[in-house]
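Residue numbers for the sequence shown follow the numbering used here, so the first one is 1 and each next one is one higher. Ideal Cβ positions, reconstructed from N, Cα and C, are used throughout, including at glycine. Down below is the structure, laid out as structure tokens.
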Amino acid sequence: MLTLLFLFLLIFTLILSKKIYKNYISPLSIFLGNFFLAFTIFYSVDFIDQDLSGRAFTIILVSLIAFLFGVTVFHLVKKPRNINKTAKKNLLSEYKRGIAVEDIKIFRFLFLLSLIGYLYFLYKIEKQLGLLNVLVNPNLLNVAFAFDEISLSSVPMYLMKLSMVNSMFLLIYILKFKPKRKQATVMFIIEVLMNISVKRNILLYIIVLNIIIFLYFNGRKFISNIQHYVSRKSRNSIKRVRNYFVIASVGVTFIYFFTLTQSLLNKQSMAQGSLFGISLPSYIVKLISYYAANIASFDKYLTMDHNDVPLFGSTLRFFYKVLDQINLIDYQDNFLVLDFVYIPYAYNTTLGQFYIYTESGMIGLLLFYGMVGFVSTYLYYKYQKNKDDVILLYLSLISVILLFSIREYVMIFVDFWITLLVIFLFQIHSNKNYRKKKREWDTG
């Protein structure tokens with residue numbers, strides 16, 4: 001019964017997204033649709049504990065309603081114009097804002113910095129463990145990270161984290177200008193590949209971020225191109241839709257990488273189970289658990305003591321850490337280390353709502369998701385209106401927060417804040433260039 005309910009809510013969310021945003025892919029479908037899909041799967045499997053307390057269900061429900069309230073408030077206050085008319089009106093100015101051709105120089109510089117960081121990372125591995133040893137047994141690196149034998153909190157390591165934001169810049173540059181020289185494409189591929197590591201979450205963030213950018217950049221053409229391909233299968237339609245097959249192949253490749261590293265890191269599971277009564281192989285059971293089991297672990301973690309969490313101690317972790325480093329405050333983030341819970345398999349990740357609720361209570365939860373609902377909707381319409389690349393970067397970043405809230409809280413990672421800072425600095429540069437060009441147009 002609950003499976004059918006959440007399946008209905010999922011379909012309704014997609015229809016609502018199409019009605020409101022004129023697109024199936026929107027902040028609304030990414031957040032609400034994602035949770036309704038997870039709940040549909042959660043109540044359709046037989047290998048996850050499904051005893052969800054009223055408290056856990058209420059917190060999740062409040063976050064979804066608060067997000068929807070933020071979306072509603074935006075539409076009541078702003079009353080966005082018809083996207084089709086707005087897009088046509090701004091067609092001529094589409095490439096005047098955001099990334100410019102000459103910005104490739106900036107991206108080359110960022111690429112060089114991230115490459116220096118990556119080479120330093122390899123040097124640390126060679127010095128501490130030996131690169132060949134790690135290639136033979138990647139679990140050595142996993143253990144070294146766990147016991148902080150190789151620290152990622154140093155300036156050279158932070159340089160490597162620029163690969164995430166630079167991959168975003170480079171993808172937009174490639175999509176926007178379609179350069180004949182493959183330099184930007186090569187840099188983009190290297191930026192992604194340098195994040196292949198036992199810490200798979202960063203690689204996943206980069207892949208998903210760039211997929212979201214691709215989908216937002218192409219807008220409603222995503223669906224229409226596929227429909228055109230299915231109905232006609234002409235040479236042109238095949239060319240238009242092949243990029244989407246590339247996305248699918250990236251997803252399949254990542255699943256293969258995930259299952260391979262599970263074995264190499266001694267995390268393989270012999271778990272058995274079924275979905276909708278259909279028996280599944282153990283690696284699919286593990287994948288589904290990584291996605292849907294966070295609902296069950298959320299319930300378990302809520303029963304534990306969390307009185308040691310500072311106000312906004314998770315969200316503002318990066319700033320707390322900076323203040324702690326200069327001895328202005330004493331900040332310990334041990335509360336972010338989650339003990340394993342059994343659902344029934346050992347598990348130590350949970351919903352993003354957990355971090356927000358434990359740092360600021362129900363009021364903080366309401367304010368956070370209400371604000372995110374409002375801001376994400378604002379960014380969506382702003383991008384549809386102006387096609388500003390910087391807005392696309394912000395929109396994609398907030399969409400990743402919403403998407404990954406099903407299993408973690410992206411804002412606790414330094415990678416998020418470095419990415420946000422670089423985007424903000426690039427926005428200053430972009431606006432300065434835009435004003436300069438506008439003066440030239442006005443006087444020319």
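Meets three-Cβ-pair contact criterion under 8 Å: the segment 38-46 and the segment 65-80: In the pairwise beta carbon analysis, the segment 38-46 is classified as not touching the segment 65-80: fewer than three pairs are separated by under 8 Å.
Same chain, Cβ closer than 6 Å to Ile106, neighbours up to 5 away in sequence not counted: As a working note, residue 106 is residue 106 in the sequence shown. If you ignore the 5 residues before and after Ile106, its C-beta comes within less than 6 Å of no other C-beta in its own chain.
Sequence-distant residues of the same chain with beta carbon closer than 7 Å to Leu379, five excluded per side: Translated into positions along the sequence shown, residue 379 becomes position 379. For Leu379, the CB contacts under 7 Å within the same chain, skipping 5 residues up- and downstream, are Ile391, Tyr394, Leu395 and Ile398 in chain order.
Same chain, Cβ closer than 7 Å to Asn433, five either side skipped, listed in chain order: Residue mapping note: residue 433 aligns to position 433 of the sequence shown, counting from 1. Correct list, in chain order: Ala100.
For Ser154, three-class secondary structure by DSSP: Against the sequence shown, residue 154 aligns to sequence position 154. In this structure, Ser154 counts as coil in the three-state DSSP scheme.
Local Cβ density within 10 Å of Ile212, reported as buried at 16 or more and exposed below that: Stepping through the sequence shown from its first residue, residue 212 is reached at position 212. Buried, by the Cβ-count rule.
Selection from Phe312, Ser297, Asp330 and Thr377 that minimises the alpha carbon distance to Leu338: For the purposes of this step, residue 338 is taken as the residue at position 338 of the sequence shown. Checked all of Phe312, Ser297, Asp330 and Thr377; the closest Cα to Leu338 is Ser297.
Candidates Asn307, Gln384, Ile326 and Phe416: closest to Leu316 by CA position: Here the question's residue 316 lines up with position 316 in the sequence shown. For Leu316, the nearest C-alpha among the options comes from Phe416.
Start and end residues, beta strand (DSSP E) containing Gly273: The count along the sequence shown starts at 1 and reaches residue 273 at position 273. Gly273 to Leu275 is the span of the beta strand (DSSP E), which, as asked, contains Gly273.
Start and end residues, alpha helix (DSSP H) containing Leu280: For this step, residue 280 is matched to residue 280 along the sequence shown. Counting along the chain, Leu280 falls outside any alpha helix (DSSP H), though it belongs to the beta strand (DSSP E) covering Ile278 to Leu280.
For Val341: DSSP bridge partner residues: As a position in the sequence shown, residue 341 is number 341, starting the count at 1. DSSP, once it has assigned bridges, lists Tyr347 as partnering Val341.
DSSP-derived helix/strand/coil call for Val309: Taking the first residue of the sequence shown as 1, we reach residue 309 at position 309. Coil at Val309, not helix or strand.
First and last residue of the uninterrupted alpha helix (DSSP H) at Arg55: Position 55 of the sequence shown, counting from 1, holds the residue named residue 55. Gly54 to Lys78 is the extent of the alpha helix (DSSP H) around Arg55.
8 Å Cβ cutoff, Phe36 in contact with chain D: Annotation note: the requested chain D is absent from the structure, which comprises a single protein chain.
Proximity of Phe111 and Asn166 at Cβ, strictly below 8 Å: For the purposes of this step, residue 111 is identified with residue 111 of the sequence shown, where counting begins at 1. For the purposes of this step, residue 166 is identified with residue 166 of the sequence shown, where counting begins at 1. It is a contact, given that the beta carbons lie within the stated cut-off.
Asp299 to Leu52 span [Cα, whole Å]: On the sequence shown, position 299 is the one that residue 299 refers to. On the sequence shown, position 52 is the one that residue 52 refers to. Here the alpha carbons of Leu52 and Asp299 stand approximately 6 Å from one another.
C-beta contact flag for Leu302 and Arg97 at 8 Å: Your numbering for residue 302 matches position 302 in the sequence shown. Your numbering for residue 97 matches position 97 in the sequence shown. No, these two residues do not count as a Cβ contact at 8 Å.
Distance between beta carbons of Lys161 and Ile418, contact taken as under 8 Å: As a working mapping, residue 418 is identified with position 418 in the sequence shown. As a working mapping, residue 161 is identified with position 161 in the sequence shown. Approximately 5 Å separates the beta-carbon atoms of Ile418 and Lys161; this is inside 8 Å, confirming the contact.
Given Lys78 as reference, the closest of Leu367, Leu209, Leu204 and Phe374 once Cα atoms are compared: Against the sequence shown, residue 78 aligns to sequence position 78. Cα-wise, what sits closest to Lys78 is Phe374.
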